[in-house]
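128 is the number that the numbering used here gives the last residue of the sequence shown; the numbers go up by one with no jumps. What follows is one structure encoded as structure tokens, with my remarks underneath.
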Amino acid sequence: MEERSNYVLRDNNDIGTVQIADDVVAMIASLAVRDIEGVEACAGNMAGELMDKVGIKNARKGAKIDIFENRVKVDVFVNIAYGYNIPVTCGKVQDKVKTTIENMTGLTVTDVNVRVVAVSMPNNK
4 MEERSNYVLR DNNDIGTVQI ADDVVAMIAS LAVRDIEGVE ACAGNMAGEL
54 MDKVGIKNAR KGAKIDIFEN RVKVDVFVNI AYGYNIPVTC GKVQDKVKTT
104 IENMTGLTVT DVNVRVVAVS MPNNK
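Next up, the structure:
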């Protein structure tokens with residue numbers, strides 16, 4: 004079974020602590036890119052299975068997270084729709100992932116690395 008890590012977001016001796024699992028931060032990153040035009044999906048299915056085989060964990064969720072001392076490094080795996088400018092679209096992914104994680108968790112995002120694992124063709128072609 005894969006080890007899950009929890010990180011303390013807030014520790015208040017009067018009422019207790021707030022912890023977040025790294026899987027939750029990975030899910031936030033994956034969900035953040037869903038509405039970006041040109042991003043078909045976070046990597047999954049065949050691309051995710053391939054990455055699992057070569058040792059990249061959390062690829063099925065579309066993100067890999069490393070957290071150290073409330074600083075987050077994110078690797079996001081995406082499928083880009085054919086015809087979209089990849090650098091521009093990936094820049095939007097970086098901005099959205101960073102902003103969303105920071106707003107929802109209070110953690111500081113230091114890196115958002117976007118890995119394009121596939122180009123998706125329109126369904127009607």
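Virtual Cβ for every residue (Gly too), placed ideally from N, Cα, C.
- Secondary structure note for Val-115: its beta strand (DSSP E) is the uninterrupted segment 111-123.
- For Val-117 and Ser-8, the gap between their C-alpha atoms comes out near 23 Å.
- In the structure shown, Glu-105 adopts helical secondary structure according to DSSP, grouped into three states.
- For the set Gly-41, Phe-80 and Ala-29, the Cα lying nearest the Cα of Ile-68 is the one of Ala-29.
- Taking a contact as a CB-CB distance under 8 Å, the pair Tyr-85 and Val-122 counts as one, their CB atoms being some 5 Å apart.
- Contact between Thr-92 and Gly-41 is confirmed by a C-beta separation of about 4 Å, below the 8 Å threshold.
- The three-state reading of DSSP puts Val-36 in coil, since its state is none of H, G, I, E or B.
- Contact between Val-79 and Val-112 does not hold, since their C-beta atoms are separated by about 11 Å, which reaches or exceeds 8 Å.
- Judged by DSSP secondary structure, Glu-72 falls outside any beta strand (DSSP E); it is assigned neither H nor E.
- In the three-state reduction of the DSSP assignment, Ile-23 falls in the strand class.
- In the structure shown, the three-state DSSP call for Ile-18 is coil.
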